[in-house]
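In the working numbering, the protein residues as written are 1408 to 1513. In what follows, a structure is listed as structure tokens, so that the remarks can point back to it.
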């Protein structure tokens, strides 16, 4: 059994960002966490955009489930982006995008 992200983020909002406890977007996301993409979105809503140095460090430890990978690859196909553009949008390595395309034959 994995971590209870709903409880983790609820505690963060209550303790560190009580002013955001009434934000409807955050409340809806907290109620409906289904994938890694939901967690990333919720993280951006609560903490805002992180600085480049902090972001590059935290990016190294990220993992994605199949649903999120297919969502990212579908976004790339739908918007006709190359690997570099997709990687910049999602702030990840273009080599990761390339590897996923090879593995999943997309």
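From the three backbone atoms N, C-alpha and C, an ideal C-beta is built for every residue, glycine too.
Does residue i get closer than 9 Å to chain C when you measure Cβ to Cβ?
i            : result
residue 1501 : Annotation note: the requested chain C is absent from the structure, which comprises a single protein chain.
Of the residues the options, which one's Cα is nearest the Cα of residue i?
i            : options                : result
residue 1476 : 1445, 1413, 1417, 1429 : 1445
residue 1512 : 1500, 1480, 1502       : 1480
residue 1469 : 1432, 1487, 1450, 1417 : 1450
residue 1447 : 1488, 1421, 1416, 1427 : 1416
residue 1424 : 1410, 1411, 1455, 1409 : 1455
Residue i and residue j: beta carbons closer than 9 Å?
i            : j            : result
residue 1419 : residue 1453 : yes
residue 1472 : residue 1442 : yes
residue 1490 : residue 1508 : yes
Residue range of the alpha helix (DSSP H) that residue i falls in?
i            : result
residue 1488 : Taken as a continuous stretch (DSSP letters only), residue 1488 belongs to no alpha helix (DSSP H), as it is neither H nor E.
residue 1445 : 1443-1454
residue 1418 : 1412-1423
residue 1504 : 1501-1511
residue 1435 : 1431-1438
Report all residues from its chain with a CB closer than 7 Å to the CB of residue i; omit the five preceding and five following residues, and keep chain order.
i            : result
residue 1413 : 1437, 1440
residue 1501 : 1490, 1491, 1494
Can you list, in chain order, the residues of its chain whose CB lies under 8 Å from that of residue i, leaving out five sequence neighbours each side?
i            : result
residue 1429 : none
Once the 5 residues before and after residue i are set aside, which same chain residues still bring their CB inside 6 Å of it?
i            : result
residue 1434 : none
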